[in-house]
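Novice: So the sequence shown is numbered by the working numbering: it starts at 19 and just counts up by one.
Here a beta-carbon is modelled for each residue, glycine too, at the ideal position from N, C-alpha and C.
I have a structure here, written as structure tokens, and I will follow up with some questions on it.
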Amino acid sequence: GEEGGEAEGARAAVAVENKTQEMVRRIDGLFARAEVPVTRRSVLMVDGTGGLPASVVKSTRNIPWVDVIPVVGLNVYSILQRDVLVMTRDAVNGLVARLHAPIKR
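This is the structure in structure tokens:
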């Protein structure tokens with residue numbers, strides 16, 4: 019009945035919260051390893067053509083200081099607004115391809 023659905027929903031909410039907390043711990047590790055002091059907490063994660071795993075996207079959705087964008091949306095302003103930039107290998111390859119492509123006028 020409804021109680022089973024509510025219990026399942028509560029378990030799902032706890033699972034999402036645990037994944038979010040684990041992602042925060044991982045991101046805190048990035049800040050700890052930063053070569054320069056981090057003055058704010060802001061992260062930009064960039065995915066390539068394959069996209070980030072759904073688990074990463076879901077676990078970052080509830081972290082207000084983390085943004086996830088595709089490589090086609092990456093620009094200098096987005097990068098400069100953040101303290102930490104995390105890119106997948108596909109995203110790096112996509113960015114390199116964009117930088118090597120001739121500008122169409």
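Going by the DSSP bridge assignment, what does residue 108 pair with across the sheet?
Specialist: Within the sequence shown, residue 108 is the residue found at index 90, counting from 1. None, per the DSSP bridge assignment.
Novice: Who are the Cβ neighbours of residue 77 in its own chain at under 8 angstroms, not counting the five residues just before and after it?
Specialist: Translated into positions along the sequence shown, residue 77 becomes position 59. Only 34, 37, 38, 40, 41 meet the Cβ criterion.
Novice: Quick one: residues in its chain with C-beta nearer than 6 angstroms to the C-beta of residue 47, no 5 flanking neighbours on either side, listed in chain order?
Specialist: On the sequence shown, position 29 is the one that residue 47 refers to. So the list is empty, once near-sequence residues are dropped.
Novice: Let me know the secondary structure DSSP gives residue 186 once reduced to three states.
Specialist: In this structure the chain extends from 19 to 123, so residue 186 is not present and cannot be described.
Novice: Can you tell me where the beta strand (DSSP E) holding residue 81 begins and where it ends?
Specialist: Walking along the sequence shown from the start, residue 81 turns up at place 63. No beta strand (DSSP E) holds residue 81; DSSP gives it neither H nor E.
Novice: Excluding the 5 residues preceding and the 5 following residue 60 in the sequence, name in chain order all residues of the same chain whose CB lies nearer than 6 angstroms to its CB.
Specialist: For the purposes of this step, residue 60 is identified with residue 42 of the sequence shown, where counting begins at 1. Result list for residue 60: 83, 100, 101, in chain order.
Novice: Of the residues 117, 104, 118, 113, which one's Cα is nearest the Cα of residue 70?
Specialist: If you number the sequence shown from 1, residue 70 lands on position 52. Residue 104 is the option with its Cα nearest to residue 70.
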